[in-house]
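To keep things clear, I will list the structure first and then write my remarks on it.
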């Protein structure tokens, strides 16, 4: 469809959605504005009924499907995250049976939450160890039972639904406000393709920055190749944006952008942004939901300072059981926590000697000592937290001065992942 028709259809969809979903707020954030010397606004999709923008696309798809075929009784999706929750919410609203296929590895908290959104209309089936197995089972079930598959991002109706985020932003901005840049996360591309197409069609002029996890750069690498590509592997920590291949419909809208328009956010750095927003602002964000805010730290200073910027906080479905890991990743990324393998001489007082070289801001977070009676040295795994990264240079200098044998394993992913 052409841009004008797209904008009109988004307006119609938004009007219909307003009967079941209230607009999410566009909020000026004083903390981020002061921090970056800019005017930062947050579009709070984490405050939707299912704490994610995904509910918009799911509702739009079901509304359209039921208009085309009011007799459609069964809808199906495969998802372990926000799409499943939006889908469940929509099935309950339209009183239609929904079957959700989730990997068996899905945390029980997510299963229970999705079930509560859709009860009593939704059934959850746990299949396989990952999304691909769950998706294959969902497609097979659809074919055999006459169900209609509801995709998470790669469909025109999903794009229309997610585009309503852009319409709300345009309507919620103060009169006369001019936006320099809009930052939004990218996974499969439903949000970014819908929002950009709507804003462009509406004459809304600003620069766009798209943010992907550095270990799941499906849009970036596809733009660089000039065609959709399938990544060999992705890291699933930023699960809301960990997609191996951007959607076909979505890429057609986004292919006019340059690879330089896509910022690749370091996963551990995103963890720091999550902790920062939680501690300072009391805002709970999932990893994908923090991507746009994290980009403020990664963009060139001249692209942020003095500018008016909108960041889409796309989701807040965070399992607090992951908080220790998020904090750990954040500290390591910022250089405030390190792990060492040390060799201590097996003599009385060796540990005391080591403790004496620690600085006043150094704190031992982990200590494991393996004593070997037939050796002169024992091996120690030690984790240290501090308040300034340069404290570790002082510590290792003292260890060298004392002739200690040590190895920093903080960045050794295989070794540290096995031990820590």
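Residue numbers (this note's numbering): 100 to 519.
Glycine included, each C-beta is placed from N, C-alpha and C at the ideal position.
Being a predicted model, the structure only gives us computed values, none of them experimental.
Curious, which full-length beta strand (DSSP E) runs of at least 3 residues does the region 339-395 contain? Correct list: 361-364.
May I ask which residues mark the beginning and end of the alpha helix (DSSP H) holding residue 267? Segment 255-271, the alpha helix (DSSP H) holding residue 267.
Measure from the alpha carbon of residue 497 to the alpha carbon of each residue in 463, 480 and 456, then state which is nearest. Looking at the Cα atoms, 456 is the closest of the given residues.
Which of the three DSSP states, helix, strand or coil, is assigned to residue 159? Three-state result, residue 159: helix.
Rounded to whole angstroms, what's the CA-CA distance from residue 134 to residue 295? Just pull it up for me. A straight line joining the alpha-carbon of residue 134 with that of residue 295 spans about 27 Å.
With a cut-off of 8 Å on the beta carbons, I'd call residue 339 and residue 293 a contact; round off their distance for me. Separation of the CB atoms of residue 339 and residue 293 is rounded to 16 Å, and the pair is thereby denied contact status at 8 Å.
Looking at the structure shown, is residue 305 part of a helix, part of a strand, or coil, going by DSSP? Residue 305: coil per DSSP, three-state reduction.
Could you spell out where the beta strand (DSSP E) holding residue 138 opens and where it closes? Following the DSSP letters along the chain, one finds residue 138 inside the beta strand (DSSP E) bounded by residues 138-143.
Evaluate the contact criterion for the region 150-167 versus the region 253-273: three or more CB pairs, one atom per stretch, below 8 Å. Yes: at least three Cβ pairs fall under 8 Å.
Span separating the alpha-carbon of residue 487 from that of residue 370: Straight-line spacing of the CA atoms in residue 487 and residue 370 works out to 18 Å.
Coil, strand or helix - residue 467 by DSSP: In the three-state reduction of the DSSP assignment, residue 467 falls in the strand class, which pools E and B.
For residue 363 and residue 316, the rounded distance between their alpha carbons: Using only the alpha carbons, I get a separation of about 7 Å.
DSSP state of residue 225 mapped onto helix, strand, coil: In the three-state DSSP reduction, residue 225 falls in the strand class (E or B).
Cα-Cα separation between residue 465 and residue 382, rounded to whole angstroms: Taken atom to atom, the span from the alpha-carbon of residue 465 to that of residue 382 is near 30 Å.
If contacts are defined as beta-carbon pairs under 8 Å, then residue 175 and residue 198 qualify, I think. What distance do you get, rounded to the angstrom? That pair is a contact at about 5 Å.
DSSP-derived helix/strand/coil call for residue 154: Shown here, residue 154 sits in a helix according to DSSP, grouped into three states.
Anticipated Cβ contact below 8 Å, residue 157 with residue 278, distance rounded: Between residue 278 and residue 157 the Cβ distance is about 28 Å, and since that is not below 8 Å, they are no contact.
Tell me which same chain residues have a C-beta within less than 8 Å of the C-beta of residue 491, skipping the five on either side of it? Within the same chain, residue 491 has close Cβ partners 434, 437, 483 and 485.
Classify residue 513 as buried or exposed, calling it buried when 16 or more other Cβ atoms lie within 10 Å of its own Cβ. Per the 10 Å Cβ criterion, exposed.
Classification of residue 409 by the beta-carbon crowding that lies within 10 angstroms, buried from 16 upward: Taking every protein chain shown into account, the CB of residue 409 has 16 or more other CB atoms within 10 angstroms, so this residue is buried.
Please report the residue range of the alpha helix (DSSP H) in which residue 401 lies. Counting along the chain, no alpha helix (DSSP H) covers residue 401, and no H or E run does either.
Could you check what DSSP says for residue 129 in three-state terms: helix, strand or coil? Under the three-state reduction of DSSP, residue 129 is assigned to helix.
What are the boundary residues of the beta strand (DSSP E) that includes residue 480? 476-484 is the extent of the beta strand (DSSP E) around residue 480.
Distance between beta carbons of residue 212 and residue 239, contact taken as under 8 Å: At roughly 26 Å, the Cβ-Cβ gap does not stay under 8 Å, so residue 239 and residue 212 are not in contact.
Just the Cα atoms here: how many angstroms apart are residue 163 and residue 405? A direct Cα-Cα distance of roughly 43 Å separates residue 163 from residue 405.
Through-space distance from residue 347 to residue 330, alpha-carbon basis: The straight-line gap from Cα to Cα measures roughly 14 Å.
Chain-order list of residues whose beta-carbon lies under 8 Å from that of residue 357 (same chain, five-residue window excluded): For residue 357, same chain residues with a beta-carbon under 8 Å away, outside a window of 5 residues either side, are 322 in chain order.
Under a three-way DSSP split, which group does residue 216 fall into? Correct three-state label for residue 216: helix.
Counted within 10 angstroms of its Cβ, other Cβ atoms place residue 288 as buried (16 or more) or exposed: It counts as buried.
Let me know if residue 469 comes out buried or exposed under the rule of 16 or more other beta-carbons within 10 Å of its beta-carbon. That one is exposed.
According to DSSP, is residue 493 part of a helix, a strand, or is it coil? In the structure shown, the three-state DSSP call for residue 493 is helix.
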